[in-house]
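Residue numbers for the sequence shown follow UniProt numbering, so the first one is 1 and each next one is one higher. What follows is one structure encoded as C-alpha cells, with my remarks underneath.
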Amino acid sequence: MITLPITLEQLITTIQQLQPSERTQVAKALIQTELQSDLKALIEELYSQPPIDDITDRDILEEIKVVRQQKDN
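Structure (C-alpha cells):
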C-alpha cells in the first residue's frame, strides 16, 4: 500500500476530474461510511438504555390499531 500526503483541496480537485460513474462510487463510499457511523452510534445508544419488559404484544397491537385509526381519519 502506498500513501501520499495530499490536501483536502487536492483531493476535491482529483474527485472533480473523475468520470461521473467514478464520482458516484466515491459518493457512495462516503455515504456508506457515514451511515455505518450513525448506525453504530444508534445501536450503542439503544443498548445503553435499560430494557423495557412491561410492553406486551397486546399493547403493541392496540397501539397499531390506534395509529391506523388516526391515519384513516
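Here a beta-carbon is modelled for each residue, glycine too, at the ideal position from N, C-alpha and C. All of these numbers come straight from a predicted model, not from anything done at the bench.
Local conformation of residue i per DSSP, three classes
i	result
proline 5	coil
aspartate 57	helix
glutamine 19	coil
glutamine 49	coil
Cβ shell of residue i (< 8 angstroms), same chain only, five flanking positions each side left out
i	result
valine 66	none
tyrosine 47	none
Close Cβ partners of residue i (< 6 angstroms) along its chain, the five nearest in sequence each way excluded
i	result
arginine 26	Checking the sequence, you will find valine at residue 26 rather than arginine. Contacts found: Ile15.
proline 20	none
Cα-Cα separation between residue i and residue j, rounded to whole angstroms
i	j	result
proline 50	glutamine 69	31 angstroms
aspartate 57	leucine 30	39 angstroms
leucine 42	threonine 33	14 angstroms
isoleucine 12	lysine 40	27 angstroms
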